[in-house]
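See structure below.
Number of protein chains: 4
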Amino acid sequence: MPGAEPAPQEPPTTKGRSTRQRLLSVATDLFAEKGYARVRISDITEAAGLSQGAFYRYFKDRRDLMLVLLQELTAEAFDFVRVPRRADDPMYSVLRSTQLYFEFYDRHRALFGLLVELSQTDPDVAKIWAESRRVFYSRIAQSLRREVRARRLRTDVDVTVAAELMGSMTEFYAFQRFVLGDGVVKDVSLDESARTLAEIWTAGLVRPA
Amino acid sequence: MPGAEPAPQEPPTTKGRSTRQRLLSVATDLFAEKGYARVRISDITEAAGLSQGAFYRYFKDRRDLMLVLLQELTAEAFDFVRVPRRADDPMYSVLRSTQLYFEFYDRHRALFGLLVELSQTDPDVAKIWAESRRVFYSRIAQSLRREVRARRLRTDVDVTVAAELMGSMTEFYAFQRFVLGDGVVKDVSLDESARTLAEIWTAGLVRPA
Amino acid sequence: MPGAEPAPQEPPTTKGRSTRQRLLSVATDLFAEKGYARVRISDITEAAGLSQGAFYRYFKDRRDLMLVLLQELTAEAFDFVRVPRRADDPMYSVLRSTQLYFEFYDRHRALFGLLVELSQTDPDVAKIWAESRRVFYSRIAQSLRREVRARRLRTDVDVTVAAELMGSMTEFYAFQRFVLGDGVVKDVSLDESARTLAEIWTAGLVRPA
Amino acid sequence: MPGAEPAPQEPPTTKGRSTRQRLLSVATDLFAEKGYARVRISDITEAAGLSQGAFYRYFKDRRDLMLVLLQELTAEAFDFVRVPRRADDPMYSVLRSTQLYFEFYDRHRALFGLLVELSQTDPDVAKIWAESRRVFYSRIAQSLRREVRARRLRTDVDVTVAAELMGSMTEFYAFQRFVLGDGVVKDVSLDESARTLAEIWTAGLVRPA
DNA sequence: GATGAATGAGCATTCATTCAT
DNA sequence: CATGAATGAATGCTCATTCAT
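Chains as they are written, first to last, in the numbering used here: chain Z, 58 to 266; chain S, 58 to 266; chain A, 58 to 266; chain C, 58 to 266.
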């Protein structure tokens, strides 16, 4: 019981809150730039224009800050999957939500990068990522089930597995493009990729008339 | 004394070669267990029953050892994609090579884990992984093209993109299962997954009669 | 601006005085509980329900506070040794003042603990303790001399040394019981100890008839 | 389980053992000079002519080294109390063992100082000191009981308490002289003190004829 | 009088790496 | 070939202290 409590989630003053936010923000940038392993506390505080000691008013350590970032990501995530479908165009909602997903991934590429870098090393990160995928996949599965009920999809395929595969593909493709920065093989526009992706999925899943 | 070279690729004596091999082997296990970032040189030498200093007779540093491992992986990789197809059953070769891929991935899960953990941080690793994916994807693309020529596949889809998506899905699914150790959502046998995967792809890509 | 004095002995307002007193009081408790070395300023202010900064309105630093406490102790100390003796019972006054000493020590155990912990390190504390012992011992020596004059004590023993030994024994015994919290070997009531102590001393010092 | 085991008790090579010994030795001196709290690891290694890092090959931290010192002290301690008594001179053995005790205390004054400084702060040190006192006191009690059986001592006094008091006095007197460096009040030779001490004890405890 | 923010020196500790034996 | 000792740079973390509000 070494005294002063670890680090309050929300500083009482405006200045405090803004400083904490600044630390989170510059840390995100640094993680994106050099990867988690190569960012020192002093890098973060320096970039935030603070002394080293200031860090510890807001976070227990570097890992603590990182977990905060990832939890914020998870909290926000994946509402976009709910896209109104069009009765006439079953492909539309798949395409649209894929696009939205790519946008979201792009905007938070730094944090998705962290999930991937650290999941093998840090069990808590692994848990966060697993949970985020679980949510993602079950949203997809839900959509698929709706389509199955509407008799627009094949029924001879395990919906859960299909959702996982679809999600895997989407996420990993995003990871390659936005985090690793690949083209991937030849430069294909993101929209084109999303379209091909949607096309394959729908063509493969939609029950032949 | 023209300067003893730092770390010979192949030690002259039998004992030396075996020691080097032991280091590579225990390091692989440790990387699999804790991830690259958390494995110290001393962990490796301790697990190998050696003193710390011994490490440097065989490798320049931890990264050197790791790159050796990854290069060995790349050298061996992806011949299995060449599976003879059966004229009557276009799904067969997809299914078979997916299974072979999963087996290969499982056997080398530790090294695939390294690729993922380090690609954002280490350009050389990124290059190795990119190359490995490039090979993998173009093998798939090649197969697809063959099928297109044989008029068994849709022609309205970009084969390159399709191959990337197919590869992404397969690789990431393997990563989740073998490296992260997920079920994923519910426990599905690997074979079942491979089958669903193949099914979707073929159903989606095969031109409707 | 001739420089605001660092820490006024007596704050002007009632609130100020009470806050200062609270700091002294909780600090005493904390010192008793964990020893001086393990108590941080933040521990003290936290226990007092104040912010860290508030401390410096009242004390220069932790050592300053501690010296205030010890000086208060010294100011109060050792009047109790003056116990009216009874002509018929020379043991009575020894016993009585030993009991009173134990009570006093018990009440201020935290501060006596400070004296012991810090005397080797802090010359000022050493001085305070030395002075306190000097007073204690000379009070005892004075008593002894009175008894010698009254021909109730052996005259072949150096009174000064005897007083020191007697004092040493009493103080250290108290230290063990009240600060270290020992039994000591078997659990003996404090009164019994005081009685044995007095008995030995008188029996040893009183001139055989 | 962070790898390399904490610190081997006995280094395998002569050089290692001598280095470890040097660290223990200079640390003892530094503790004596400045007190435990003020000695940094770097002080110790510097005095030993080593780099900071070398320290951790032999000890987990400063506290670990200190406990080793105190355990060595305890292991060695208090055999000297066994002094052959002389039938004709009951005072002799008391005097002699007191002298031996003083010599021992003087030689290890630095470590006895540690016991006193740290007992209130560190439970393990408290335990070591308590144990050392227990041994010391029970040796004295044993002696006293022998004398009681030989009918040379008063029987109306609790031997255990008497032993504790006698030990307390002796130890604390030594502490004042050798650690605090007091005279105490006036400068009295150590031998004279020991003599007075023995005299009082014997005169007080020996049964009047 | 009191607070929360910020500072910065101080220090322990880790760990890759070198080297004599 | 292997070991144990030693190095020293890197870095995290603590905590007394100052200060604007």
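Ideal placement from N, C-alpha and C gives every residue a C-beta, glycine not left out.
{"Query": "Runs of alpha helix (DSSP H) lying entirely within the stretch 79-165 of chain A, each at least 4 residues, in chain order", "Result": "98-104, 112-115, 119-133, 147-164"}
{"Query": "Close Cβ partners of Z:Val216 (< 7 angstroms) along its chain, the five nearest in sequence each way excluded", "Result": "Ala198, Leu201, Arg202, Val205"}
{"Query": "Cut-off 7 angstroms between Cβ atoms - residues of its own chain near A:Tyr93, not counting five sequence neighbours on either side", "Result": "Met123, Leu171, Glu174, Leu175"}
{"Query": "Distance CB(A:Tyr194)-CB(A:Glu160) smaller than 9 angstroms", "Result": "no"}
{"Query": "Nearest neighbour of A:Gly73, chosen from A:Val96, A:Phe112, A:Ile101 [CA to CA]", "Result": "A:Phe112"}
{"Query": "Positions along the stretch 84-118 of chain Z whose CB lies within less than 7 angstroms of some CB in chain S", "Result": "Gly92, Ala94, Arg95"}
{"Query": "Min CB distance C:Leu201 to chain A below 9 angstroms", "Result": "no"}
{"Query": "Straight-line Cα distance separating S:Ser246 from C:Thr76", "Result": "59 angstroms"}
{"Query": "Interface flag, A:Glu256 vs chain C, CB-CB below 9 angstroms", "Result": "yes"}
{"Query": "Chain Z contact for S:Gln156 (CB, 9 angstroms cutoff)", "Result": "no"}
{"Query": "Under the three-state DSSP convention, the category S:Pro265 falls into", "Result": "Residue confidence for S:Pro265 is low, a pLDDT of 48 falling below 50, so the modelled location carries little weight; the figure read from the coordinates is stated next. Coil."}
{"Query": "Cβ neighbour criterion (16 or more within 10 Å) applied to Z:Thr253", "Result": "buried"}
{"Query": "Runs of beta strand (DSSP E) lying entirely within the stretch 159-229 of chain C, each at least 3 residues, in chain order", "Result": "none"}
{"Query": "Cβ separation of A:Gln156 and A:Ala231, assumed to be a contact under 8 angstroms, to the nearest whole Å", "Result": "Actually they are not in contact, since the Cβ atoms of A:Gln156 and A:Ala231 sit about 11 angstroms apart, beyond 8 angstroms."}
{"Query": "Proximity test, Cβ basis, 9 angstroms: A:Ala260 and chain C", "Result": "yes"}
{"Query": "Burial state of A:Arg208 (16 or more Cβ within 10 Å)", "Result": "exposed"}
{"Query": "Inter-residue Cα distance where the pair is Z:Phe88 and S:Trp186", "Result": "21 angstroms"}
{"Query": "Alpha carbon of C:Glu228 to alpha carbon of A:Val151, nearest angstrom", "Result": "22 angstroms"}
{"Query": "C-beta neighbour in chain S for Z:Thr131, strict 9 angstroms", "Result": "no"}
{"Query": "Residue environment, Z:Glu67, which counts as buried when at least 16 other CB atoms sit within 10 Å", "Result": "exposed"}
{"Query": "Close Cβ partners of A:Asp248 (< 8 angstroms) along its chain, the five nearest in sequence each way excluded", "Result": "Gln156"}
{"Query": "Backbone CA spacing between Z:Lys184 and Z:Val218 [nearest angstrom]", "Result": "20 angstroms"}
{"Query": "9 angstroms Cβ cutoff, C:Asp45 in contact with chain A", "Result": "Residue 45 of chain C is absent from the model: chain C starts at 58 and stops at 266."}
{"Query": "Where S:Ser246 sits in the DSSP three-state scheme", "Result": "coil"}
{"Query": "Beta-carbon gap between A:Arg191 and A:Val236 smaller than 9 angstroms", "Result": "no"}
{"Query": "Proximal chain A residues relative to C:Ser150, where beta-carbon distance stays under 9 angstroms", "Result": "Going along chain A, no residue has its Cβ under 9 angstroms from C:Ser150, so there is no contact; the nearest lies around 17 angstroms."}
{"Query": "C:Gly73 (DSSP reduced to helix, strand or coil)", "Result": "helix"}
{"Query": "C-beta contact flag for Z:Leu126 and Z:Thr178 at 9 angstroms", "Result": "no"}
{"Query": "Collapsed DSSP secondary structure at A:Glu256 in the structure displayed", "Result": "helix"}
{"Query": "CA nearest to the CA of S:Glu256, picked from S:Met223, S:Gln233, S:Asp239, S:Gly238", "Result": "S:Met223"}
{"Query": "Beta-carbon spacing of A:Leu267, A:Leu80 below 9 angstroms", "Result": "In this structure chain A extends from 58 to 266, so residue 267 of chain A is not present and cannot be described."}
{"Query": "Between the CA atoms of A:Pro180 and C:Asp121 - distance to the nearest angstrom", "Result": "27 angstroms"}
{"Query": "Proximal residues of chain Z, C-beta to C-beta of S:Phe159 below 9 angstroms", "Result": "None at all; the shortest Cβ gap to chain Z is about 13 angstroms."}
{"Query": "Euclidean distance between Cα positions of A:Gln128 and A:Val182", "Result": "9 angstroms"}
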